[in-house]
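Residue numbers (the numbering used here): 160 to 1101.
Heads up: the structure comes next, in structure tokens.
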């Protein structure tokens, strides 16, 4: 029978859409246990999907379908992270509204996803750029703004409980996460103006404004996250990025640092991802030490994990952005310091942290006092110190730190050696076997812990330091100077931020004439004609003509928008109750669905998205809105499907191209070309196609080898910029979605990266045709009700055992191999028994759902195959009745003998010596020994 994959797949995709087959039931309508399967949130780019994108989706879809077969109420939703810089940049270039671009891209994605046959609950589809969605993102922001972190209770609480404490006790007994330490009494608090009180509360709010060092890109007119900056330039567009201090909204994620660390222990995640998060959070135990700046009342506070080395402090290094730099720099060093600060502003923090070879710094001309010896210590600036990490200052101990040692050597700074160690080979960093010397009361000490305790006791008793736990993680910047993002629901009265009433949400994006910053440098929202909040009429209005007019209560709205991670930090909760207009998610519904049971996605979000999602989930849990504190219980990172790129060699300074084998004889430039320019599946370039590909290549000349131009091929990440993208639509058209699904799983283990090879599809397609034709006799559907034979049952139950194990262990590639083996064996047996072929269709259905739905229908069933109970293993069918024993003489195998599997060792020995072939082999001799290894071998020693 002809396997018409196009007709079959269109038929069942239409059926699923019309019948909403995969819509999950809400708790009130289901008695089934729940299972929540989630895919990492896709951003809908204009390029659409390539064959590498569906890998994780196929794996999660197989598992979701498997859980339905097991009787679970499965939530497997779909949506789009639809705010973002690419759509905004396109709007700047073309004038087309980002909403239009985004809608077109989403429509393209949806067509492609439906074509691959994913069992998504499309009724819950969401888009972060829809006002109905970001209304609740804004609502969560408001809850964060009106919350503080009570360290005494180790949780976030409503800001009203903080106000109550301040009214009764001031800051006395207050144990809170805060931006800076404050000290005032209850009486002082009550006497403060409302404006002052609001400014103080910003010091404690979970969402707050503060001056922060950011990656500023003037060309894009916005702040960029670290992962959007590469080599000092924006990843998008390649524009220069500078370090700049700006007033920004931030989220106090650092309040949760310890809980984010502890929570990892209970999660079924890879150790690599957990370690990435531990390193990002960067918990370290040590001490805070204060160094007084000579001739001033200022102190430099540093954090160190090695207070025992305090007598080795040879200099202090400040971050170029440190707030004290402008106050302590001497007149003689002013110009050099300013030039250095200007130069370092052009490097991102990530670059500065990673660059250990290029040492740079400048002396401020100022000195600090050693807190114990009162000796003068020179104060330097160095770009390896970051303003946002710790205190932005380092006590440099060259005898105990390699980077400090290199800095001291580079600038010829005198090094204090406090260890019994020759420093000519570099710094001494090992804690074991140290002898402290030349360090006053540590002289001769050999125990690290004793030395540390001695120093800390002295510092604490002299108010010069204290024990402290520090974290590398910093509060998350929550402002972007962009248009295409969630508006922050805040207005300003006398410079103080106030949130909009919840009843006014959503605060929708206004129309603007252009998407660039204003002429005054304000973000794009500054171009809006109406972007003021009328407090009296509770609506957005144009700027008032006369702000001083009595009774006029219109205030400017926030001009920055939220970052991309705002909407993607809680989308998994909205899926649970996607159409609720009164709540972001009904508590009873979120209690039912709870944590995501399985989350499959790329490892590139190991620190960003995953940490922010965990932070928001913990916050919502603290405030009682949900009942679970971690979002994702089990997470698997799929590998990448790599593309086979093609390159041509252009002779430098010419438009001549030399074939691969001859390229070493010339000075050449290697250029990516589109893989569609190759002839068939070979490495040979289609020269005429290449000339037409780009105008610049119209008159290209070629130096050939054996009359052909042979390209260079290389496996690398599949990417539109590398021209090695394979479109899944083309694969679905030629081979079918079921073939694509099976092939992507067949390529190798889910977590590993593997190269794509279109030629491999033909083998999988051949298997599908063979599987389909098991159910046909020629063109006639032919399935018998005859009882199956034991060999047929053995094939089926061997497959059941393997598939169940493989799916539960996410070893999808070996399941596909077993499918092929089983179908081949059944074909040889000419099996057409219903009792075999019905469960076979169910077994393969999670992988090839379209074809199996078709076969299930032909078998006479009206319901979808997706909800049929998964076949149950019967081990008795796997028990061997008869075993063929290899029979060896003195270790050399001569032939095989069949014996019943029920026979004992002694019974086999008795039968062996009576066999004619054994008697012939013995040739009248008596065996010295007969060795029987049950169910394995027989060895006769002569």
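Idealized CB from N, CA, C, for every residue including glycine.
| Query | Result |
| --- | --- |
| Straight-line gap, residue 935 to residue 425 (C-alpha atoms, nearest Å) | 51 Å |
| Presumed contact (8 Å Cβ cut-off) between residue 166 and residue 895, rounded CB distance | So it is not a contact: roughly 10 Å between Cβ atoms. |
| Residue 376 (DSSP reduced to helix, strand or coil) | strand |
| Selection from 478, 733, 483, 535 that minimises the alpha carbon distance to residue 512 | 478 |
| Distance, residue 1074 Cα to residue 1080 Cα | 10 Å |
| Other residues of its chain near residue 1103: CB distance less than 7 Å, five sequence neighbours each side excluded | Residue 1103 cannot be examined here, being either before or after the span of the chain that is shown, 160 to 1101. |
| Per DSSP, the bridge partner or partners of residue 990 | The partner list for residue 990 (beta bridge, DSSP) is empty, contrary to what the question assumes. |
| Minimum Cβ-Cβ distance from residue 868 to chain D less than 8 Å | Judged by its chain identifiers, the structure shown contains no chain D, having just a single protein chain. |
| Cβ neighbours of residue 295 in the same chain (closer than 7 Å, five flanking residues each side left out) | 733, 743 |
| Residue 1088 versus residue 1062: straight-line alpha-carbon distance, rounded | 19 Å |
| Short Cβ contact (8 Å threshold) for residue 287 with residue 728 | no |
| Pairwise C-alpha distance: residue 573 and residue 638 | 44 Å |
| Beta carbon of residue 423 nearer than 8 Å to that of residue 442 | no |
| 8 Å Cβ shell around residue 590 - same chain, five flanking residues per side excluded | 607 |
| Within 8 Å, strictly: CB atoms of residue 974 and residue 982 | no |
| Residue 282 - containing alpha helix (DSSP H), residue span | Note, residue 282: premise wrong, no alpha helix (DSSP H); beta strand (DSSP E) at 280-286. |
| Burial state of residue 1101, where buried means 16 or more other Cβ atoms lie within 10 Å | exposed |
| C-alpha distance - residue 410 paired with residue 366, whole-angstrom precision | 5 Å |
| Cβ contact (3+ pairs, closer than 8 Å) linking the region 743-759 and the region 670-682 | no |
| Neighbourhood of residue 834 by C-beta, 6 Å cutoff - its chain only, sequence neighbours within 5 removed | 805, 883 |
| Outcome for residue 709 when other beta-carbon atoms lying within 10 angstroms are tallied against a minimum of 16 | Because the pLDDT of residue 709 is 45, which lies under 50, any placement of that residue in the model is unreliable, and the question is left without a value. |
| Residues sharing a beta bridge with residue 692, DSSP | 699, 714 |
| Residue 564 beta carbon less than 8 Å from that of residue 546 | no |
| Nearest-angstrom Cα separation, counted from residue 652 out to residue 204 | 39 Å |
| Paired residues, beta bridge with residue 410 - DSSP | 366, 635 |
| Run of the beta strand (DSSP E) containing residue 801, from where it starts to where it stops | 800-810 |
| Close-in-space but distant-in-sequence residues of the same chain around residue 662 (CB under 8 Å, 5 per side omitted) | 697 |
| Alpha-carbon to alpha-carbon, residue 293 and residue 900 | 34 Å |
| Nearest-angstrom Cβ-Cβ length linking residue 644 and residue 304, presumed shorter than 8 Å | Incorrect: roughly 17 Å between the Cβ atoms, too far for contact. |
| Cα-Cα separation between residue 436 and residue 446, rounded to whole angstroms | 23 Å |
| Bridge partner(s) assigned by DSSP for residue 584 | According to DSSP, residue 584 bridges with nothing at all. |
| Option in 1028, 846, 682, 990 with minimal Cα separation from residue 944 | 990 |
| Three-state secondary structure assigned by DSSP to residue 531 | coil |
| Complete alpha helix (DSSP H) runs within the region 744-797 (minimum length 4 residues, chain order) | 746-752, 767-781 |
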